[in-house]
Amino acid sequence: MPTLTVRVKRFDGKKSWWQEYKVDVKSRRVSVLDVLLRIKEEQDPTLAVRYSCRMAICGSCGMVINGVPRLACQTLLTEIKDDVITVEPMWNYRVIKDLVVDTEPNFDKLKKIKPYILRDVKEIYESDKEFGQKPEDLEKYYNFAYCIECGLCMSACPVVATNPRFLGPMALAAAYRWSADSRDQGWPIRAKIVDSDEGVWSCHLAYTCSAVCPRGVDPGFAIQLVKVALMRRAKRL
Amino acid sequence: MEILKHDLLIIGSGIAGLRAAAQAAYTAKIDIAIISKVQVMRSHSVSAEGGMSAVLYPDKNNDSLDLHAYDTIKGSDYLADQDAVELLVRMAPLEVRYLERIGVPWSRHPDGRIYQRPFGGMSVPRTTFAADKTGFFIMSTLWQETLRFDNIKYYHEHFVTKLIIENGEFRGVTAIDLKTGELKLILAKAAIIATGGAGRLYRFTTTAHSTTGEMLGYAMRAGLALKDMEFVQWHPTALVPSGILVSEAARGEGGYLVNKEGERFMKRYAPQKMELAPRDIVSRAILTEIAEGRGFVHEESGMGYVGLDLRHLGEEVLNQKIPFIRELAHKYAGVDALSELIPVRPAVHYTMGGIHTDTYGRVLTPSGEWVKGLWAAGEAASVSVHGANRLGSNSLSECSVWGRLTGEQAAKYAMEAPAPSTDEKYIKIAQEEESRIFDKLLHKETNGISVYELKGRLQDTMEQHYGPFRHESTMKEGIPKLLKIREDFSRIRIEDGSRIYNQNLKDALELDGMIDVALAVAYGALARQESRGAHYRLDYPKRDDVNWLKHTLAYFVGGQLQLSYVPVRITKWTKFEERKY
Ligand SMILES: Cc1cc2nc3c(=O)[nH]c(=O)nc-3n(C[C@H](O)[C@H](O)[C@H](O)COP(=O)(O)OP(=O)(O)OC[C@H]3O[C@@H](n4cnc5c(N)ncnc54)[C@H](O)[C@@H]3O)c2cc1C
């Protein structure tokens, strides 16, 4: 029965400090989130953590675990060999409290790239037809539709760190996802938005976004695909 | 205190809430607000795996609207309102196609048609899906779709603490902005309650941590009625020990259930449908196997379980059709589904009951009048299409259909209605609420009871006394325990004294509402002296249509929980068969 030492970087709205908790676990097949919830329930209910689904699909519990931006519910103790776990709030965000950060600016950036099917809205809401899609058309964007908007990519991106106006990997991957959908007709509009300093041209190809993505979305690759399309003056993606 | 005004307030941002928002925003240029205790896109609906039911290509697979309705009504053990079921099956295909047009990546046949898989209790394959992350893909697409509209405002991480209803009309809500701890009064002409179910009343559940259901309790406090709360669905296959769901899609794609002896035991319980019998039947079968010593035992937790066998499906099916299941089993149970059995047992999954509404989602008082300006949709509502037992994949259809219907009605209503009144009395109500929460709850003596200890007691009581096998004597013993929990809540200890992101306080507010919901489940279950769908009584093992073909209503009268009953609406399915599968 290992005793874990959990070091948490805390913040109460004014000051920041490190706090250590000791937790006994019966098995290592539990997640870092399980451990944090036990601390909350049994030792310190003031500890703040954002969480919900506990199955790596809602995107709430992004944080930096032993130096790597990860989802707490998706990180099992079996993957952390050490008995010391260090958790910090995600980088590149304003901290609200403890491990909870303000990711709402990400949603504003997402809105900027128009993340929805661009074509006649009346047709969408008033017709009853299927636009239709072949499996091979689905394949083109499918992997990029897996984004759970956890914001880990934004936390790992060195450009976001220095240029807050950069749309960043999350929104830019969505720009690709929507433009590459055979049902969409919005590429000419989105191309204007991403063909800018705030858009794809600020990306330095660090690929840290893709490295930390918990759903394998590969935003770095999406950004490169967008760049290629812009350079080729492609009519659609 | 901040006072805000909107035309239409949507409480809850799961599939029901977001679908309502999109439809309302398209219908009218009104000022719409979505309010959610989590960040909008993080709602529980993302967890839905298996799919959404709809009759899409009736000619191709011998399907029909009537057959979908019949399956649903039989699955409900005849407690569903048949006019509502007819509306569900008629609208569901429109909704699948709407979701297709806004960009949901439905899995496809080579010719571009949307794929459909078999699901429990459905006579033909009619469950559309996007791999096994259907809920996630619908949620993500709908949330981004709402960004199209500039007349929608989002209140992320705002916890609604109270519904303000006056003279039979909706007025507004009070909500805590979790990020600042500030209480806000939000007044509106109309509202849609889409706050989901209450799975966390129980300890072993597939639902998200946020599926606590307090709003159902708050609804009773505001004078509304809950319907059929005794019907709690156990999903047969949750991962041991975490409770994470293994979707029915696993059995839809051909998975078997086996006991310790390697026997496909479903042949003794549902010889025709086997693993694809409805959930209540499969869940009781698994629990019987475990109780009779034919289950496995999980070492660390001591939980009994059976094996879900997917080995014969092969790598391609696992990776193409149910990749998430393989991933979850690997991650959280440490097994590779290709070569090992997945350890599963039943877990609480769905709340068939909910806020009493009419067929169109209009919220009704206990005596059946519409509360003007108020609708409910999705799992929070009891319309009722699921009756005593929901068929898998009918919920996403319900959320989408009634999201749309309520969104459209509420938008039209809000266009006509006068601006919300900002009478002093609402400000006073909000001030009282602020004092209840921050002065009374937050400043408690130090020797009180921990929120989590009390919540644990609630969950254990529900597991022990109101589980899948019920009996008068055990249920009767549960009631004083629940009442004691109610009483002990007044001595709760909130250790976090700050305003900013105070989850300890939020957890206490959730628990407060949950206790009332638990009472509605308990009293409803104790009173219903029959077995129907998910409500199974050892002392009354038969369905009793003569006395109990009726809906339970639970509501408060002078602080006391009361029950009354309303008839089931029957249209054309008048032969109440025994449910054999
Ligand atoms: C693991 C799992 C898998 C499932 N798979 C399927 C499937 O394949 N097919 C199917 O048909 N059904 C499935 N179901 C059921 C289905 O997912 C749910 O019934 C459905 O998603 C409920 O959606 P909803 O919109 O009603 O509410 P939810 O998605 O639960 O959302 C509730 C919303 O209300 C908000 N809320 C709640 N209380 C408050 C409050 N006090 N203040 C402010 N906001 C509040 C929450 O923040 C959230 O936004 C599954 C269920 C589970 C648990």
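Residue numbers (the working numbering), protein chains in the order written: chain A, 153 to 389; chain B, 32 to 612.
Beta carbons: idealized from backbone N, C-alpha and C, even for Gly.
Keep in mind that this is a model prediction, so the values were computed, not measured.
Q. What's the call for A/ARG246, buried or exposed, on a 16-neighbour Cβ count within 10 Å?
A. The Cβ neighbour count for A/ARG246, taken over all protein chains shown within 10 Å, is under 16; the residue is labelled exposed.
Q) Going by beta carbon distance, what residues of the same chain come within less than 6 Å of B/THR236, once the five residues before and after it are set aside? A) Excluding sequence positions up to five before and after B/THR236, its CB lies within less than 6 Å of the CB of GLY230, GLY274, ALA378, VAL379, all in the same chain and listed in chain order.
(Q) Pop quiz: A/VAL239 and A/ILE217 are said to be a contact at Cβ under 8 Å. What is the actual Cβ separation, rounded to whole angstroms? (A) The Cβ separation is near 5 Å, so the contact holds.
Q) Around the Cβ of B/ASN478, are there at least 16 other Cβ atoms within 10 angstroms (buried) or fewer (exposed)? A) With fewer than 16 neighbouring CB atoms inside 10 Å of its own CB, B/ASN478 falls in the exposed class.
Q: Taking all protein chains shown into account, decide if B/GLU292 is buried (16 or more other Cβ within 10 angstroms of its Cβ) or exposed.
A: Exposed, because fewer than 16 other Cβ atoms sit within 10 Å of the Cβ of B/GLU292.
Q) How would you list, in chain order, the residues of chain A whose beta-carbon sits under 7 Å from the beta-carbon of B/GLY143? A) The contacting residues are GLY284, GLN285, LYS286.
Q) Using 8 Å as the limit for Cβ to Cβ distance, is A/GLY165 near chain B? A) Answer yes: the Cβ-Cβ gap between A/GLY165 and chain B drops below 8 Å somewhere.
Q) Exposed or buried, B/ASN350, counting other C-beta atoms within 10 Å across all chains shown (16 or more means buried)? A) Exposed, since its Cβ has fewer than 16 Cβ neighbours within 10 Å.
(Q) If contacts are defined as beta-carbon pairs under 8 Å, then A/VAL236 and A/ARG202 qualify, I think. What distance do you get, rounded to the angstrom? (A) About 23 Å; that fails the 8 Å criterion.
Q.
Given this structure, state the Cα-to-Cα distance separating B/SER171 from A/THR255, to the nearest angstrom.
A. C-alpha separation (whole angstroms): 16 Å.
(Q) For B/HIS387, tell me which candidate among B/TYR586, B/PHE190, B/ASP94, B/PHE355 has the shortest Cα-Cα distance. (A) B/HIS387 has its Cα closest to that of B/TYR586, out of B/TYR586, B/PHE190, B/ASP94, B/PHE355.
Q.
Below 7 Å, is the gap between the Cβ of B/SER431 and the nearest heavy atom of ligand 1?
A. For ligand 1, not one heavy atom lies less than 7 Å from the Cβ of B/SER431.
Q. Which residues bound the beta strand (DSSP E) around B/ILE386?
A. B/ILE386 -> beta strand (DSSP E) spans 385-387.
Q.
Using a Cβ-Cβ distance cut-off of 8 Å, determine whether B/ILE46 contacts chain A.
A. No, no contact with chain A.
Q) Can you round the beta-carbon distance between A/PRO371 and A/PRO310 to whole angstroms, since I take them to be within the 8 Å contact cut? A) Approximately 14 Å separates the beta-carbon atoms of A/PRO371 and A/PRO310; this is outside 8 Å, ruling out the contact.
**Q.** Contact list for the segment 234-268 of chain B against chain A, Cβ threshold 8 Å
**A.** Within the segment 234-268 of chain B, the qualifying residues are ALA239, HIS240, SER241.
Q) For B/SER273, which three-state DSSP category applies? A) In the structure shown, B/SER273 sits in coil (DSSP, three-state: anything other than H, G, I, E or B).
Q) With distances taken from CA atoms, which of A/ARG162, A/LEU382, A/LEU156 is nearest A/VAL184? A) A/LEU156 is the residue among A/ARG162, A/LEU382, A/LEU156 whose C-alpha sits nearest the C-alpha of A/VAL184.
Q: Output the boundary residues of the alpha helix (DSSP H) element that contains B/HIS582.
A: Annotation: B/HIS582 is outside any alpha helix (DSSP H); the continuous beta strand (DSSP E) that includes it extends over 581-588.
Q) Are B/ARG376 and B/GLY335 closer than 8 Å when you measure CB to CB? A) Their beta carbons are under 8 Å apart, which means B/ARG376 touches B/GLY335 by this criterion.
Q. Among B/PHE327, B/PHE262, B/PRO309, which residue has its Cα nearest to the Cα of B/LEU271?
A. Note on residue identity: the sequence assigns Val, not Leu, to residue 271 of chain B. When C-alpha distances from B/VAL271 are compared across B/PHE327, B/PHE262, B/PRO309, the shortest belongs to B/PHE327.
Q: Express the C-alpha separation of B/ALA301 and B/THR390 in angstroms, rounding to a whole number.
A: Pairing B/THR390 with B/ALA301, the inter-Cα distance amounts to about 32 Å.
Q. Among B/GLU608, B/ALA123, B/VAL71, which has the Cα closest to the Cα of B/TYR88?
A. Among B/GLU608, B/ALA123, B/VAL71, the Cα nearest to that of B/TYR88 belongs to B/ALA123.
Q: Within the same chain, show all residues whose beta-carbon is closer than 8 Å to that of B/VAL135, passing over the 5 residues directly before and after it, in chain order.
A: If we look at B/VAL135 and ignore the five residues flanking it on each side, its Cβ neighbours are ALA161, PHE168, ILE169, THR172.
Q: Could you tell me whether the Cβ of B/MET72 comes closer than 8 Å to any Cβ of chain A?
A: Yes, B/MET72 counts as interfacial toward chain A.
Q.
I'd like to confirm something about A/THR230: is its beta-carbon nearer than 7 Å to some heavy atom of ligand 1, or not?
A. A/THR230 Cβ: outside cutoff for every heavy atom of ligand 1.
Q. Relative to chain B, which residues along the segment 266-277 of chain A have a C-beta separation below 7 Å, given in chain order?
A. Cβ contacts with chain B come from PRO267, TYR268, ILE269, ILE276, TYR277.
Q) Is B/VAL135 helix, strand or coil by DSSP? A) Residue state for B/VAL135 is assigned as coil, using DSSP reduced to three classes.
Q. If you scan the segment 270-356 of chain B from start to end, which runs of the alpha helix (DSSP H) of 4 or more residues do you find wholly inside it?
A. The segment 270-356 of chain B contains, as complete alpha helix (DSSP H) runs of 4+ residues, the segments 280-283, 310-322, 345-351 (chain order).
(Q) Can you tell me where the beta strand (DSSP E) holding A/MET215 begins and where it ends? (A) Where A/MET215 is concerned, the enclosing beta strand (DSSP E) stretches over 214-217.
(Q) Out of B/LYS507, B/GLU188, B/LYS537, B/LEU119, which one is the CA nearest neighbour of B/ARG435? (A) The candidate whose alpha carbon is nearest that of B/ARG435 is B/LEU119.
Q: For B/LEU369, I'd like the list of residues in its chain whose CB is within less than 7 Å of its CB, leaving aside the five on either flank, ordered along the chain.
A: Closer than 7 Å at the Cβ level, and outside the excluded window around B/LEU369, lie ARG342, GLU346, LEU349.
Q | Alpha-carbon spacing of B/PHE469 relative to A/THR198, whole angstroms | A | Between B/PHE469 and A/THR198, the C-alpha separation is close to 16 Å.
Q: Mind listing the chain A neighbours of B/ASN535? Cutoff is C-beta to C-beta under 7 Å, in chain order.
A: In chain order: PRO197, THR198.
Q | Contact list for the segment 482-508 of chain B against chain A, Cβ threshold 8 Å | A | So the close ones are VAL482, TYR483.
Q.
Considering just the uninterrupted stretch of the beta strand (DSSP E) at A/TYR173, what are its terminal residues?
A. Start and end: 168-176.
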